[in-house]
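S.K.: Residue numbers (our numbering): 49 to 200. Where is the CB? At the ideal position from N, CA and C, for every residue including glycine. For clarity, every value in this text was computed on a predicted model and none was experimentally measured.
Shown next, in the form of structure tokens:
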């Protein structure tokens, strides 16, 4: 039997299933009622690491928590399709910079959620968020095709 593409015995030599579950429970315990997952209790949240934590939750079967994380991301998205770099639990901004790398990552997370759950309905629900994000990223292209990293 394999887990995450590795033989269980090989994976267990790195990290045990119990340790993975402990990690997932720790992540889930940080999640706020609105779905935001800060780095630590009272800490900030950035969209990139937020997607990473949602993917970790999906890997360990915490699909409802992962969906709540993506819903928060959808609600926090700016009208132009971007997100700021850092949000605080009270909804304020810690860093207003707009980073294309951070904003594009929601597409990876939603795809990962679909691979983890086979829930095409959730993909359809999130598709407008993904489309707005990728449109914003592509709008940051320069004439030579390169994409600007960030906008202050």
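Among 131, 160, 89 and 65, whose alpha-carbon lies nearest the alpha-carbon of residue 102?
M.R.: If we check each option's Cα against that of residue 102, 160 comes out closest.
S.K.: For residue 201 versus residue 125, is the C-beta distance shorter than 9 Å?
M.R.: Only positions 49 to 200 of the chain appear in the structure, and residue 201 is not among them; the question remains open.
S.K.: Helix, strand or coil for residue 80, going by three-state DSSP, please let me know.
M.R.: Looking at residue 80 - three-state DSSP - the assignment turns out to be coil, as it is neither helix nor strand.
S.K.: Spell out a yes or no on whether the region 159-174 and the region 130-144 are touching, meaning 3 or more CB-CB pairs, one atom from each, closer than 8 Å.
M.R.: Cβ pair count under 8 Å is below three, so no.
S.K.: Am I right that residue 145 and residue 200 are in contact with their C-beta atoms under 8 Å? What's the rounded C-beta distance?
M.R.: At roughly 6 Å, the Cβ-Cβ gap stays under 8 Å, so residue 145 and residue 200 are in contact.
S.K.: By the DSSP assignment, the alpha helix (DSSP H) with residue 113 in it spans what residues?
M.R.: Looking at the DSSP string, the run of the alpha helix (DSSP H) that includes residue 113 is 111-124.
S.K.: Answer with buried or exposed for residue 86, where buried requires no fewer than 16 other C-beta atoms within 10 angstroms of its C-beta.
M.R.: Flag for residue 86 reads buried.
S.K.: One question on the structure: do residue 188 and residue 156 come within less than 9 Å of each other, judged by their Cβ atoms?
M.R.: No, the Cβ-Cβ distance between residue 188 and residue 156 is not below 9 Å.
S.K.: Under 8 Å from any heavy atom of the ligand GTP, does the C-beta of residue 91 make it?
M.R.: Only the bare structure without any ligand can be found here, which leaves the ligand GTP out of the picture.
S.K.: Rounding to the nearest angstrom, what Cα-Cα distance links residue 63 and residue 77 in this structure?
M.R.: Rounded to the nearest angstrom, the two C-alpha atoms are 20 Å apart.
S.K.: Pull the bridge partners of residue 153 from the DSSP assignment, please.
M.R.: Answer is none; residue 153 lacks a bridge partner.
S.K.: Identify the continuous beta strand (DSSP E) that holds residue 147 and give its terminal residues.
M.R.: Its beta strand (DSSP E) spans residues 141-147.
S.K.: Leaving aside the five residues before and after residue 54 along the sequence, list all residues of the same chain whose C-beta is less than 7 Å from its C-beta, in chain order.
M.R.: Only weak support exists for where residue 54 lies, its pLDDT of 46 falling under 50; the value from the coordinates is given anyway. Here the set comprises nothing.
S.K.: Tell me the rounded alpha-carbon separation between residue 67 and residue 100.
M.R.: Computed Cα separation, rounded: 18 Å.
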